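S.K.: In the working numbering, the protein residues as written are 1 to 270.
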Amino acid sequence: MTVREIENFSISQIDRSGQCFRMKKLAGGSYAVTAADRYVQVFQEGEKVSFSCTEQEYDEFWRQYFDLDRDYGVYLAQIDPQDEYLSRAARRGSGIRILRQDLWEMIVTFLISQQNTITRIRRCVQNICEKYGEKCFTAEGISYYAFPKPQALADASEEELRACNLGYRSKYVLRTAQSIVSGEVSLDAVRAMTYEEARAELLKLYGIGEKVSACICLFALHSLEAFPVDTHIRQALENHYPNGFPHERYSGVQGVMQQYIFYQELFPEV
DNA sequence: TATCAGGCCCTAG
DNA sequence: CTAGGGCCTGAT
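Laid out in structure tokens, this is it:
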């Protein structure tokens, strides 16, 4: 068990922010988080956050994963106080972190996410993990599934993937997995690229367009300048920024602002 | 019953 | 280069 006091961190906001589809709320209020081939449970009371892992695992993996070395107060303070909409959104979502997730996992997850609902995305990801991922156990004997390797998905058939409920996205996942296995696109190369390079490289993959590419860059490569525009964001921009979103003011951190806006649109205060 | 969801691909003009 | 149809499935 590892315990920390963390400002501007809310595990429930992160869960609902739609970056990660492998978090699960457990009875008792803690969250099970599965990422790549790791598993941890997180429990939060105010700023006191407990992680069900050793200090070593925390330092090695989860600290970076949740982006805990970053002071999000700096991003919050950067917001134009005259911008009432963004100020309100940021107050509401101030516990959100931009996670540092696995590149391959984000590619597949956001391929699946298109024209889809959150509940079904979760189910699809769970299905392919159970079918193609390695079964793992924690020291306490809790079982979970690692995210499937590119080879495992490249070896699948379109029919099998459809059986996982992916629908027409099956061929996207299959062909993309094959492109990675064949080396046509290298994950390591993408990791080393700038945002613009990575964005363009990811667009080569079948089924990845501008929106999905931006999501992958933001959530896997931590490219905070990425600003994915989906229907919710488009609508919010039309309603609140008739003259356009002030990208210059937030240059380099637009992705953080995008998350506050997205959260606000999905969970407006009642 | 029709529509559309956290898009993208492909074809026609 | 832009517009528009097609696509799995589930929720409303």
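The C-beta atom is built at its ideal place from N, Cα and C for all residues, glycine as well. None of these values were measured; they are calculated from a predicted model.
Short check: CB of Arg16 to CB of Phe66, under 9 angstroms?
M.R.: no
S.K.: Tell me whether Arg38 sits in a helix, a strand or coil according to DSSP, three-state version.
M.R.: strand
S.K.: Do you know how far the Cα of Leu68 is from the Cα of Glu5?
M.R.: Cα to Cα, the separation comes out at about 11 angstroms.
S.K.: Going straight from the alpha carbon of Gln178 to that of Glu84, what length do you get?
M.R.: Computed Cα separation, rounded: 47 angstroms.
S.K.: Does the beta-carbon of Glu238 have 16 or more other beta-carbons within 10 angstroms, so that it is buried, or is it exposed?
M.R.: That one is exposed.
S.K.: Enumerate, from N- to C-terminal direction, the unbroken beta strand (DSSP E) stretches of 3 or more residues contained entirely within the segment 34–118.
M.R.: 38–45, 48–51
S.K.: With which residues is Val3 paired in a DSSP beta bridge?
M.R.: Ser50
S.K.: Are the Cβ atoms of Lys204 and Gln114 separated by less than 9 angstroms?
M.R.: Gln114 is positioned such that its CB atom lies no closer than 9 angstroms to that of Lys204.
S.K.: Bridge partners of Phe137, per DSSP?
M.R.: Ser143
S.K.: Over the uninterrupted alpha helix (DSSP H) stretch that includes Lys25, give me the two end residues.
M.R.: First-last for Lys25: 23–25, but that is the beta strand (DSSP E), not the alpha helix (DSSP H).
S.K.: Report all residues from its chain with a CB closer than 6 angstroms to the CB of Leu266; omit the five preceding and five following residues, and keep chain order.
M.R.: So the list is empty, once near-sequence residues are dropped.
S.K.: Are Leu224 and Val256 closer than 9 angstroms when you measure CB to CB?
M.R.: yes
S.K.: Which stretch, first to last residue, makes up the alpha helix (DSSP H) that contains Gln235?
M.R.: 231–240
S.K.: Mind checking Ile180: buried by the 16 CB within 10 Å criterion, or exposed?
M.R.: buried
S.K.: So Ile112 and Val173 are in contact, right, with Cβ under 8 angstroms, and what is the actual spacing, rounded?
M.R.: 7 angstroms
S.K.: Smallest Cα separation from Gln274: which of Met1, Gln126, Glu201, Arg175?
M.R.: Summary: the structure shown does not reach residue 274, with the chain confined to residues 1 through 270, and so no result is reported for it.
S.K.: Does Ser157 pass the burial test, meaning 16 or more other C-beta atoms within 10 Å, or should it be called exposed?
M.R.: exposed
S.K.: Suppose you measure from the CA of Cys136 to the CA of Val40; what does that come to, to the nearest Å?
M.R.: 12 angstroms
S.K.: Could you work out which residue in Ala90, Asp59, Leu86, Glu60 is closest to Gly73 when comparing CA atoms only?
M.R.: With distances taken between Cα atoms, Gly73 lies closest to Ala90.
S.K.: For Tyr206, which three-state DSSP category applies?
M.R.: coil
S.K.: According to DSSP, which residues form a beta bridge with Ala32?
M.R.: Lys24, Gln41
S.K.: Residues in the same chain with beta-carbon distance under 6 angstroms from Gln151, minus the five sequence neighbours each way, listed in chain order, please.
M.R.: Take Gln151, set aside five residues on each side of it, and the residues of its chain with a beta-carbon closer than 6 angstroms to its own are Val181, in chain order.
S.K.: If you count every other CB in all the chains shown that lies within 10 Å of the CB of Arg102, and 16 or more means buried, which is it?
M.R.: As written in the sequence, residue 102 is Asp, which differs from the Arg given in the question. Classification of Asp102: buried, given that the 10 Å Cβ count is 16 or more.
S.K.: CB-CB under 7 angstroms to Thr231, same chain, minus the five flanking residues each way: which ones, in chain order?
M.R.: none
S.K.: Helix, strand or coil for Ser170 per DSSP?
M.R.: helix
S.K.: Hey, Ala146 and Gly133 are a contact pair by Cβ (cut 8 angstroms); roughly how many whole angstroms apart?
M.R.: 5 angstroms
S.K.: Using three-state DSSP, classify Asp155 as helix, strand or coil.
M.R.: coil
S.K.: What do you reckon, are the CB atoms on Leu218 and Gln258 nearer than 9 angstroms?
M.R.: yes
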